[in-house]
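Before any comments, here is the structure.
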Amino acid sequence: MKIVNQQMTLLFSAIPGAFSGAFSGALSRLRSAPATVRCGLCLFRSAGMGLLLFCWLPAVPAFADDIARAEAWFNKIKTLSADFVQVASDGTAAEGKLIFRRPSQMKLTYGKGDTLQLITSSIWLHVDRPDERLLTSYPVSETPLSLILDEKVSLRPDGYETRNLPSSAGIIRIEVTKDDGEGAGRLTLEFSDKPFQFRRWIILDAAGIETSVTLQNMVFDQPVANDVFQLPQYNDQ
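Residue numbers for the sequence shown follow the working numbering, so the first one is 203 and each next one is one higher.
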């Protein structure tokens, strides 16, 4: 398995290929982004393996259907920090740190953070490349992030088919699919059943690349300082 070269540029259609309202417009603008960025956006596609929970969250009623349980899981958290490992079917891989403060602020730091960071707001996804002193912004609505960055998370958006897949080995899978158009793709969210916890997301995009992101060592509802999400100021931009 190759470690992702964060300098290399591959088709970025892998990211918007999997969900949001206006991917077609984003495709042409994002094609030159690095593979790690592609995976990172798909990031809002997987999380799982070996997670450790360091604080207690109120249980979701067992009688609720799994999709409603998943929506409630996202809606009830305030903050989340975790390590992540992402792997794509093209052989690329990366590791890093995720910090999420609901509803709309998320930061993904790859490696030591000296080559790539992704930072979101309610409107923008900012791609920061510190080694190049380059900050690029895209509408967050044109990425898969929009599914979990809304004030109220809904996994049943208009224009998509959402279904609960058969559970296996205590893992619950929720699949969100769009069959045609440039935004075609499939998002699968994985949760452990007991306790009900988000563990992984997987995206199959229109280019046929499957990317998974696994969250580990998750910590919930700890204070997160505002400056965590502060954007860099590059004088040469």
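Note that the Cβ used here is the ideal one computed from N, Cα and C, for glycine as well. Predicted, not measured: the structure shown is a model, and the values here were computed from it.
- Taking residue 388 as the reference, give the member of 296, 370, 357, 369 with the closest Cα. Within the sequence shown, residue 388 is the residue found at index 186, counting from 1. Minimum Cα distance to residue 388 is reached at 357.
- Query: Tell me the DSSP bridge mates of residue 420?
  - Reply: Position 218 of the sequence shown, counted from the start, is the residue given in the question as residue 420. In the DSSP output, where bridge partners are listed per residue, residue 420 has none listed.
- Item | Runs of beta strand (DSSP E) lying entirely within the stretch 280-308, each at least 3 residues, in chain order | 281-290, 295-303
- Going by other Cβ atoms of all chains shown within 10 Å of its Cβ, with 16 needed for buried, is residue 319 buried or exposed? For the purposes of this step, residue 319 is identified with residue 117 of the sequence shown, where counting begins at 1. Classification of residue 319: buried, given that the 10 Å Cβ count is 16 or more.
- Message: Can you tell me whether residue 309 is buried or exposed? The criterion is at least 16 other CB atoms within 10 Å of its CB, across all chains shown.
- Response: Residue 309 sits at position 107 when you count from the first residue of the sequence shown. Looking at its Cβ environment, which holds 16 or more other Cβ atoms inside 10 Å, residue 309 is buried.
- Task: Give me the Cα-Cα distance between residue 379 and residue 284, rounded to the nearest whole angstrom.
- Result: Counting from one through the sequence shown, the residue named residue 379 turns up at place 177. Counting from one through the sequence shown, the residue named residue 284 turns up at place 82. Rounded to the nearest angstrom, the two C-alpha atoms are 26 angstroms apart.
- What's the C-alpha gap between residue 324 and residue 307? Taking the sequence shown and counting its residues from 1, one reaches residue 324 at position 122. Taking the sequence shown and counting its residues from 1, one reaches residue 307 at position 105. Straight-line Cα distance between these residues: approximately 7 angstroms.
- Task: Using a threshold of 7 angstroms, state whether the C-beta atoms of residue 293 and residue 312 are closer than that.
- Result: On the sequence shown, residue 293 is found 91 positions in, with the first residue counted as 1. On the sequence shown, residue 312 is found 110 positions in, with the first residue counted as 1. Cβ distance not < 7 angstroms, so residue 293 and residue 312 don't count as in contact.
- Roughly how far, in whole angstroms, is the beta-carbon of residue 394 from the beta-carbon of residue 372, given that I think they are within contact range, below 8 angstroms? Position 192 of the sequence shown, counted from the first residue, corresponds to residue 394. Position 170 of the sequence shown, counted from the first residue, corresponds to residue 372. Yes, residue 394 and residue 372 are in contact; Cβ-Cβ is about 6 angstroms, under 8 angstroms.
- Item | Distance, residue 391 Cα to residue 426 Cα | Sequence index remark: in the sequence shown, residue 426 carries index 224 (1-based). Sequence index remark: in the sequence shown, residue 391 carries index 189 (1-based). Their backbone Cα atoms lie some 25 angstroms apart in a straight line.
- Decide if residue 414 is buried, meaning its Cβ has at least 16 other Cβ atoms within 10 Å, or exposed. Taking the first residue of the sequence shown as position 1, residue 414 is located at position 212. Under this definition residue 414 is a buried residue.
- Message: For residue 287, which residues in the same chain have their Cβ closer than 6 angstroms to its Cβ, ignoring the five residues on either side in sequence?
- Response: In the sequence shown, counting from the first residue as 1, residue 287 sits at position 85. Excluding positions up to five away in sequence, the list reads 297, 416.
- Task: From the DSSP output, in three-state form, read off residue 398 for me.
- Result: As a first step, residue 398 must be located in the sequence shown, where it is residue number 196. In this structure, residue 398 counts as coil in the three-state DSSP scheme.
- Item | Member of 271, 267, 281 whose CA lies at the smallest distance from the CA of residue 423 | Walking along the sequence shown from the start, residue 423 turns up at place 221. For residue 423, the nearest C-alpha among the options comes from 281.
- Query: Got a sec? Which residues, its chain only, sit under 6 angstroms from residue 367 by beta carbon, not counting five neighbours each side?
  - Reply: One-based indexing of the sequence shown puts residue 367 at position 165. Once the five neighbours on either side are set aside, the close Cβ partners of residue 367 are 375, 377.
- Start-to-end residues for the alpha helix (DSSP H) that takes in residue 433: Position 231 of the sequence shown, counting from 1, holds the residue named residue 433. Premise fails: residue 433 is in no alpha helix (DSSP H) and is neither H nor E.
- What residue does the beta strand (DSSP E) around residue 366 start on, and which one ends it? Along the sequence shown, read from residue 1 onward, the residue named residue 366 stands at position 164. That run of the beta strand (DSSP E) goes 363-370.
- Task: Could you tell me which residues DSSP puts in a beta bridge with residue 353?
- Result: In the sequence shown, residue 353 corresponds to position 151, counting from 1. The partner list for residue 353 (beta bridge, DSSP) is empty, contrary to what the question assumes.
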